[in-house]
Structure formats: structure tokens, C-alpha cells
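Trainee: Encoded as C-alpha cells, here's the structure I'll be asking about.
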Amino acid sequence: GGSYDENLIYVNDFEVFRPYLVRSGQQEGLSFINPELVRNISFYNGGFQAKYGDKISSVLDIQYKRPKKFGGSAYVGILEQGVHVEGLTAGNRLGYLVGVRNRSNRNLLSRQETQGNYVPSSTDLQILLTYQLNTKWQAELFGNISQTKFSLKPEFSQLSTSVFSPFFTQSLGIDIFFDGQEKDEYQTNMIGLAFTNQVSRKLRLKWMVSRFENDERENVDIAGAYLFGERDFDKSQPTYGMIINPLGAGVFQNFNRNTLNIENWNVSHKGNLERGKHAWQWGLAFDKTAIADKLNEWEAQDSAGYNIPFDPNLLQFSKVIKSTASLDINKFSGYLQDNILFGDSLNSYTLTAGVRFNYNSLSKELLISPRVGASWKPDWERDIIFRAAVGAYHQPPFYRELRRYDGTVNKDLKAQKSWQGVVGFDYNFRGWGRAMRLTTEAYYKTMSDVVPYDIDNVRVRYFGENVAKAYAAGIEMRLFGELVKDAESWISLGFMKTREDIEGDTYKDYTLNDQNEPIDSVTKEKGWVRRPTDRLITFGMFFQDYLATNKNFKMYLNLLYGSNLPYNIPNNVKYRNGLEIPPYIRVDIGFSALLLDSDRSKRRSHSPFLGFDNIWASLEVFNLIDRPNTISYLLIKDFSNTTYTLPNRLTPRLVNFKIVARW
């Protein structure tokens, strides 16, 4: 129910930060998680334990591998290349895990509706070193360097949509001719050092220090001239594909010179103590964050020969943001929780009770968060575990929430607050003669001091004020199983509803006469509206299979459906989030063939493939049905000041070929 900024991500107990200026669209690079390095992933929709930090939406807790022997993998594909190596050395005391990846979206973006010269690239290096100092002490070093570069010289864009009503049908389009370019660069590096002391079998202490730096630069200077109107889709006409009935025309220029630097130091301590039926966990942390940024954005619009907004005595820009900020934030946090085990191995209960505190020097709030969770494994023939949790959650402002729409920084912003309740169960059973697992979780979250936000194209923009209350409620179900042996598949279904009520969101409702002129008005309050992430239904399916006569030929089918999302009409209280983005539907299919199996006895001693376990070749088709999914809207006004929406769409069908080798 929250935005990207409301999620916590941990890797081996180190908190991971996302880029902050970057848009989640064509400029997006690699995910932080390298799948080749992952050992285990835990995800929490809400109601998470006190040991997890200060966000109000969800937690993704990732544990990387602990190598036991030498191994690795390498893959080469049209979109991405990578290699990873793992192993033990120094008498099995030093473990190493190294991964390098490179991704280029050039081929993916080449079929975008905006044609031009795209040069996107992302590269990252991740290292995890562990060293066993003695029987009680272990050192761990985690490092990450990531760089994303994006360059675009747009030339031409052609958007189209259709309008249907009981009175008329119209095919609308816009042709845009560009001049200029965009160059963005995002660089993130992180290093963390941890020492773990296994004092005894029941007591473990851990000390951690980490440094994170995020350096981002966006440079945009793009001008465009557009013609908007009715497009001819009659292939028999010479005007096919052209604008034949103009409704609007104009020029625009977008200019950005944005820089952001974030440096975060973290020093923390964590401990675990087992005493009888109690398992105590505690932690203390100090964070020091320095933020320096400079925003210089403006947008000029000229429609039908008139500057927008129009003033006969003054030349104005349609949007101007000029701001600099320098922030130093100190944060103290800690937690104490007890995991209590009742019952026996056949009928067991676990109660987790904890409390978390947080003090932030920016908001100057001392926040106390009590949290309680319980699980019950009954002595039934069926293998089932019931879970429930309730607690308070707070999210102090970090960076983006502080920015108002005009670019100014609100240093008096308070933390967003939430009370959450979660219930669910895990059920293991046998179906169709195979092991199956059903996981279900329902949640309800009520939020106060909420900082509302809008989606501006694909960038999150906050109000910068605590002016709303909100709630989110939903249920998620996922069924895991092997429809065929040794090939896990799953199906998931989720329902969610999230709403917000913004203070002071009033508008005038006018009474019109026969001449369509206002003769009276009444002030109304908008009340509860959909939040930008309000997607009622999400359905996913992942299915794997192989040839009955030869397991060396496999296939997978991945399907994802998401119902409509709201989209905001700027500066319009009455119709806030009144637009709807159509449902998201995507189908991917992949085929794999084993080129080299793990049987090394058949290989010659001088074979270059002697050291490989296996080599696979795969062919993948993304967006198999070639559906033009919409991510946002472009709002265009015609000569009569009527507003039309034209969709910005995601990439169409794409084919990827990849070879993967493991040793």
C-alpha cells in the first residue's frame, strides 16, 4: 500500500538504500539483488518485528550465500551479462563471494514510442568476504559499487489513443519532433564491516559499521514541437498514420540540472541470547546522514502561439523549481524483543513481543513502537501454522518526503505513523501426489501524519507536508508446488484497497443555468480518494515443465495481471487521482536446452569444458502477447482548452537469448 520509499531492504543485516532522483522508467538500471549470490529471502507485507527498522510499508530481508566450496557461474545474453565466483581458501577460514553484472537496455528501448539514440548501461560489483578469526570470532566485509548511465537524444515520438462514447468515436494522436538530449548518471557505493562474537552456544554478539554514498546527476535540455489531433487509421488512404484534423499545436522545452549527494554512516550493535524458552534479541544503532542537493528545473510551453501561462506583460514558465539544500541528520534507534516458546514439538506456540525506539534530530521526535506477534502450530494431522501480529510503525522523513512541489524543503516535517495488524497461515499438504504449500496473509494498516504524493510521469513527488490520513487493507495468497517432479511452480492472488483523505481538499461545485453559466456554488470536501498504488487485484502465475522423454529441454511460462491504477490530474482537487491506467497484463515464455550435463566421465581430459558442471542455452520472449501496457499519461489541451490523455506505454514484445555456464 505504500510507495517505493516506504520499503526496507536488508542484505546480511546491512540496510540498503535505493537511488532517489532516478525515475522508475527508461533510466532504471539493475536491481540491487544479484540472484546468483542469494541464499534466502524473507518478505513481510507489514506487521514485521521490532528488530526491523523505521519504515511503514514492508521489509525485504536478504541473506547472501556462505560458500562451502569453489564454484561459480557466467552468463551472456542480449540484455545482460554477468559472472560470479565463490569459494573457500586459507585453510577454509576465508570465504569469498563476488558478483559482477552489466546490463544494457539499448535493445529493449529501441522499440519505444519515442525514437532516438538511446545509450543506457548499468554495471555493478558486489563482494562478500567472511573470515573465521578463531572459534568464537568471525569478520565479514560487504561491498557494493553500482553505476548507471543513461543518454538519450530523442528525435520523434508518435502516441495514439482512441476515445469511445455513446455519441462519437475518435482516434487521437500526437506527433512530437525533438531537439536536444538527456544525460543522467547515478553512482552508488557501499561498504560494511561486521564482527560476530559467538560468546557461547546461547549468546551471540555482533558489531557493525557501514558507509553508503549516493551520487546522482540529471542533465536534460530537450525542446519539442508537437501537433495534436485526429489520426487517420484507414490504411487505404494516403494520409494513413497522419494527423488529419488538428486540435492543438505548440512547442515546449524541458531543462534540468539536478545533483544529489547522500552520505550515510551507520554504527550498530546486535545481540541474541537464549535462556530456557526465551530468545532475547536487542540492538542499538547510530546513523549520521549528510544530504546536499541542487535542483534547477524549468519548463516552457507555447500553445497555438501563446505562452502558457499567458500574461501579455510578462514571459512566464509553466514550471520552475530552483532550490538547494544541505542537511545533517543524526538518528538514534534501538530495539528489544523476546521470542517465547510454549508447548512441545507437537503443539507449539511462539510469542514475539518487542519495542523499538527512534529519535531523529531533524524532526526532533522520540518515537516508541510496541510490536507483538504470535504463531501457533497445532497438533493436527495437517501441517499448518497460524500467524498474527500487531504493532506501531513510524517513518521519519529522509529526503524525498521533505521536498515540496515548489522544491523548498520542509525541515519541520514529522514522521508518518501507522498501526498495523496481520493474520495468516502456512499450510503444507500433498496434492496430485506431490508436496504443496499454501501461504495466506491478510493485513490492515491505518496511517496518520501521512505525506501524500503523486506520480509525475514515473517519478514520485511528495507534498512535503503531513496533511493526510490513510489506510490500506488486503489479502495475499500463494500456492507453491511441483506440477512435474523437480520443477517448482506457483500461483498467487492478491486483493488490496488503499485510500487517503487530505486536509483542506475542498472544491467549488457550481450550479449552471440554461446557458451553461454558473449562478450558484457550494464548497465541498473531496474526502477519501484512491492512493497512487491502489491496485485492487494482482494475479501471478509461474509454471515450469519439461519434455517427458528428456528433462534436458525445459520451458517456463510467467503471467502477471494487475487491475487498473489511478492517475492524478494536476491541480484538480475534484478529480484527484480520477484517471485510470488500464490493467497491466504481461506474459513471458522461455525455453531452455542443456548443452553440457554434469556427467564429466564422458569428457576428454583435454576438453576445455572439463571443469564445468553444466551449460544451458535459453530463448526468452518477454511480453509474448505484445500488449502495450500504459505506465502514465501525457495530458494535452486542444484549442478550446479541453484536456485529452495520451498514454505513455511500456516496451512491446522483446526476444532475449542467453547462455549460462556453471562450475
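Counted from 1, the sequence shown has number 322 at position 309 by my numbering; the numbering is strictly sequential.
Backbone N, C-alpha and C fix where the C-beta goes; we use that ideal spot for every residue, glycine too.
The structure presented is a predicted model; accordingly, all values stated were derived computationally and were not measured.
Assuming arginine 230 and threonine 272 are in contact, meaning their beta carbons sit under 8 Å apart, how far apart are those beta carbons, in whole angstroms?
Mentor: Working through the sequence shown from its first residue, we reach residue 230 at position 217. Working through the sequence shown from its first residue, we reach residue 272 at position 259. 5 Å between Cβ atoms; contact.
Trainee: Have a look at the DSSP bridge pairing and note the partners of glutamine 677.
Mentor: This structure gives no information on residue 677, because the portion of the chain shown stretches from 14 to 676.
Trainee: Terminal residues of the continuous beta strand (DSSP E) containing serine 336?
Mentor: Within the sequence shown, numbered from 1, the residue matching residue 336 stands at position 323. Note, serine 336: beta strand (DSSP E), 332-356.
Trainee: Give the range of the beta strand (DSSP E) segment to which tryptophan 445 is assigned.
Mentor: Locating residue 445 in the sequence shown gives position 432, counting from the first residue. Here tryptophan 445 belongs to no beta strand (DSSP E), and DSSP marks it neither H nor E.
Trainee: Return the residue from the list Asn360, Ser576 and Asn25 that minimises the CA-CA distance to arginine 599.
Mentor: Working through the sequence shown from its first residue, we reach residue 599 at position 586. Of Asn360, Ser576 and Asn25, the residue nearest in Cα terms is Ser576.
Trainee: Using only the alpha-carbon positions, how far apart do leucine 375 and valine 385 sit?
Mentor: For this step, residue 375 is matched to residue 362 along the sequence shown. For this step, residue 385 is matched to residue 372 along the sequence shown. Computed Cα separation, rounded: 28 Å.
Trainee: In the DSSP assignment, the beta strand (DSSP E) including isoleucine 638 goes from what residue to what residue?
Mentor: Reading the sequence shown from its first residue, position 625 is the one you call residue 638. Per DSSP, isoleucine 638 belongs to no beta strand (DSSP E) and is neither H nor E.
Trainee: Quick one: Cα of arginine 244 to Cα of glutamine 183, how far?
Mentor: In the sequence shown, counting from the first residue as 1, residue 244 sits at position 231. In the sequence shown, counting from the first residue as 1, residue 183 sits at position 170. Whole-angstrom Cα-Cα distance: 8 Å.
Trainee: Is lysine 335 near the ligand ATP, judged by its Cβ being under 8 Å from some heavy atom?
Mentor: Of ligands this structure carries none, so the ligand ATP is not represented either.
Trainee: Leaving out five residues before and five after threonine 519 in sequence, what residues of the same chain have Cβ atoms less than 8 Å from its Cβ?
Mentor: Counting from 1 along the sequence shown, the entry for residue 519 is found at position 506. Answer for threonine 519: Thr536, Lys537, Glu538, Lys539 and Val586, listed in chain order.
Trainee: Starting from glutamine 94, trace the beta strand (DSSP E) both ways and give me its first and last residue.
Mentor: Position 81 of the sequence shown, counted from the first residue, corresponds to residue 94. Residues 93-102.
Trainee: Got a sec: is the Cβ-Cβ distance from tryptophan 311 to anything in chain C below 9 Å?
Mentor: The structure shown contains no chain C, having only a single protein chain.
Trainee: Check proline 48 in the structure and name its three-state DSSP category.
Mentor: Here residue 48 corresponds to residue number 35 of the sequence shown, with the count starting at 1. The answer is helix: DSSP assigns proline 48 an H, G or I state.
Trainee: Which partner residues of proline 567 appear in the DSSP bridge assignment?
Mentor: Position 554 of the sequence shown, counting from 1, holds the residue named residue 567. The sequence given here has lysine at residue 567, not proline. Lysine 567 pairs with Tyr559 and Ser605.
Trainee: Just to confirm, are glutamate 513 and arginine 548 a CB contact at a threshold of 9 Å?
Mentor: The count along the sequence shown starts at 1 and reaches residue 513 at position 500. The count along the sequence shown starts at 1 and reaches residue 548 at position 535. Their beta carbons are not under 9 Å apart, which means glutamate 513 does not touch arginine 548 by this criterion.
Trainee: Count the other CB atoms within 10 Å of the CB of leucine 606; is the residue buried (16 or more) or exposed (fewer)?
Mentor: Along the sequence shown, one-based indexing puts residue 606 at 593. One detail in the question is off: residue 606 reads as alanine in this sequence, not leucine. Label assigned to alanine 606: exposed.
Trainee: Tell me where the beta strand (DSSP E) around arginine 395 begins and ends.
Mentor: Along the sequence shown, one-based indexing puts residue 395 at 382. Premise fails: arginine 395 is in no beta strand (DSSP E) and is neither H nor E.
Trainee: Enumerate in chain order the residues of its own chain whose CB-to-CB distance from glutamate 516 is below 6 Å, with the five nearest sequence positions on each side excluded.
Mentor: Residue 516 sits at position 503 when you count from the first residue of the sequence shown. Closer than 6 Å at Cβ, skipping near neighbours: Val480.
Trainee: My output table needs one value for tyrosine 580: the three-state DSSP class, helix, strand or coil.
Mentor: Residue mapping note: residue 580 aligns to position 567 of the sequence shown, counting from 1. It is a strand residue.
Trainee: For the 8 Å Cβ check, are there 3 or more pairs between the segment 287-296 and the segment 248-261?
Mentor: Touching, no, given that fewer than three Cβ pairs across the two stretches are closer than 8 Å.
Trainee: In angstroms, rounded to a whole number, what distance separates the CA positions of phenylalanine 299 and asparagine 115?
Mentor: The residue you call residue 299 lines up with position 286 of the sequence shown. The residue you call residue 115 lines up with position 102 of the sequence shown. Answer to the nearest angstrom: the Cα atoms are 34 Å apart.
Trainee: Across which residues does DSSP place asparagine 53 in a beta bridge pair?
Mentor: Taking the sequence shown and counting its residues from 1, the one referred to as residue 53 is at position 40. Bridge partners of asparagine 53: Gln76.
Trainee: Going by beta-carbon coordinates alone, are tyrosine 418 and phenylalanine 476 separated by less than 9 Å?
Mentor: In the sequence shown, residue 418 corresponds to position 405, counting from 1. In the sequence shown, residue 476 corresponds to position 463, counting from 1. Yes. Within cutoff.
Trainee: DSSP beta-bridge partners for tryptophan 295?
Mentor: Start at 1 with the first residue of the sequence shown, and residue 295 comes out as number 282. BP columns for tryptophan 295 point to Gly284 and Leu349.
Trainee: Determine the DSSP secondary structure at leucine 415, reduced to helix, strand or coil.
Mentor: Numbered from 1 along the sequence shown, position 402 holds the residue referred to as residue 415. Helix, per DSSP.
Trainee: Determine, using beta carbons only, whether lysine 430 and aspartate 462 come nearer to each other than 9 Å.
Mentor: Here residue 430 is taken as the residue at index 417 of the sequence shown, counted from 1. Here residue 462 is taken as the residue at index 449 of the sequence shown, counted from 1. Yes; because the gap between Cβ atoms is below 9 Å, this pair is in contact.
Trainee: Give the range of the beta strand (DSSP E) segment to which tyrosine 523 is assigned.
Mentor: Here residue 523 refers to the residue found at position 510 when the sequence shown is read from its first residue. It spans 519-525 - the beta strand (DSSP E) in which tyrosine 523 sits, taken as one unbroken run.
Trainee: In terms of residues, what are the limits of the beta strand (DSSP E) holding lysine 69?
Mentor: Taking the sequence shown and counting its residues from 1, one reaches residue 69 at position 56. The identity of residue 69 in the sequence shown is isoleucine, whereas the question assumes lysine. Isoleucine 69 -> no beta strand (DSSP E), and no H or E assigned at all.
Trainee: With a threshold of 6 Å on Cβ separation, who are the neighbours of asparagine 352 within its own chain once the five nearest residues in sequence on each side are excluded?
Mentor: Working through the sequence shown from its first residue, we reach residue 352 at position 339. The residues are Ala292 and Thr365.
Trainee: Looking at C-alpha atoms only, which residue of Ile468, Ser135, Gln211 and Glu226 is the closest neighbour of threonine 201?
Mentor: Here residue 201 refers to the residue found at position 188 when the sequence shown is read from its first residue. For the residues Ile468, Ser135, Gln211 and Glu226, the minimum Cα distance to threonine 201 belongs to Glu226.
Trainee: Pick out whichever of Val72, Gly108 and Gly66 has its Cα sitting closest to the Cα of phenylalanine 83.
Mentor: Here residue 83 corresponds to residue number 70 of the sequence shown, with the count starting at 1. Selected option, being the one with the closest Cα: Gly108.
Trainee: With DSSP as the reference, label aspartate 192 as helix, strand or coil.
Mentor: Along the sequence shown, one-based indexing puts residue 192 at 179. Here aspartate 192 sits in strand by DSSP.
Trainee: On a Cα-Cα basis, can you pick out the residue from Pro596, Gly85, Glu478 and Leu578 that is closest to arginine 640?
Mentor: As a working note, residue 640 is residue 627 in the sequence shown. Ranking the options by Cα distance to arginine 640, first place goes to Pro596.
Trainee: Rounded to whole angstroms, what is the Cα-Cα separation between phenylalanine 345 and asparagine 373?
Mentor: Counting from one through the sequence shown, the residue named residue 345 turns up at place 332. Counting from one through the sequence shown, the residue named residue 373 turns up at place 360. Looking at the two C-alpha atoms, the distance is approximately 7 Å.
Trainee: Taking its Cβ as the centre, do 16 or more other Cβ atoms sit within 10 Å of asparagine 581, making it buried, or is it exposed?
Mentor: Start at 1 with the first residue of the sequence shown, and residue 581 comes out as number 568. Buried.
Trainee: Helix, strand or coil, according to DSSP, for aspartate 547 in the structure here?
Mentor: Locating residue 547 in the sequence shown gives position 534, counting from the first residue. Aspartate 547: coil per DSSP, three-state reduction.
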